Amino acid sequence: MKELGLDLQKLDEGALTHIASVVEEAIRKSLEEVLGPRILRYTVTVTVAIESGRLVVSVDTSVTSRVPPTLSLEHIIDRAIKRGFDRVELLLKQRFLKEAKRDHREN
């Protein structure tokens, strides 16, 4: 869990859907970059909701891959999920910073 200190009231349903797609895309891209043709099948499901004043992003993955013993599939998946979370954190900070600057100029 990470506290970003953002005003979540500014996030509408479209923004939540966009956040989910950004996380999912980053995870898929990371898995495909690292595993490439070794991926046999995978699914990534991302849900985003505001619960009790917090933005909750949940990720469920299922990966079937031919991974050599020197690689840990669990570690690869964990890194891909972290990459997705890092990407959306950056996106949210940029969005709220842009809005704060705009609000400051208007006042």
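Residue 722 is where the sequence shown starts when you use my numbering, and the numbers rise one by one after that. Just so it is clear, CB atoms sit at the ideal spot from N, CA and C, and this is done for glycine as well. No experiment lies behind these values; they were computed from the predicted model shown.
Check	Outcome
Distance, P790 Cα to T741 Cα	Looking at the sequence itself, residue 741 is Ala, so the reference to Thr does not match. Their Cα atoms are separated by approximately 32 Å.
CB of R787 within 8 Å of CB of V743, strictly	no
Beta strand (DSSP E) segment containing E724, residue limits	Looking at the DSSP string, E724 is not in any beta strand (DSSP E), and its letter there is neither H nor E.
Residue from R804, G757, G726 whose Cα sits closest to the Cα of V780	R804
Per-residue burial, V769 [other beta carbons within 10 Å of its own, 16 or more giving buried]	buried
Alpha helix (DSSP H) segments (min. 4 residues) lying fully within the stretch 737-821	none
Contact under 8 Å by Cβ, V767 with E745	yes
Inter-residue Cα distance where the pair is L729 and I797	31 Å
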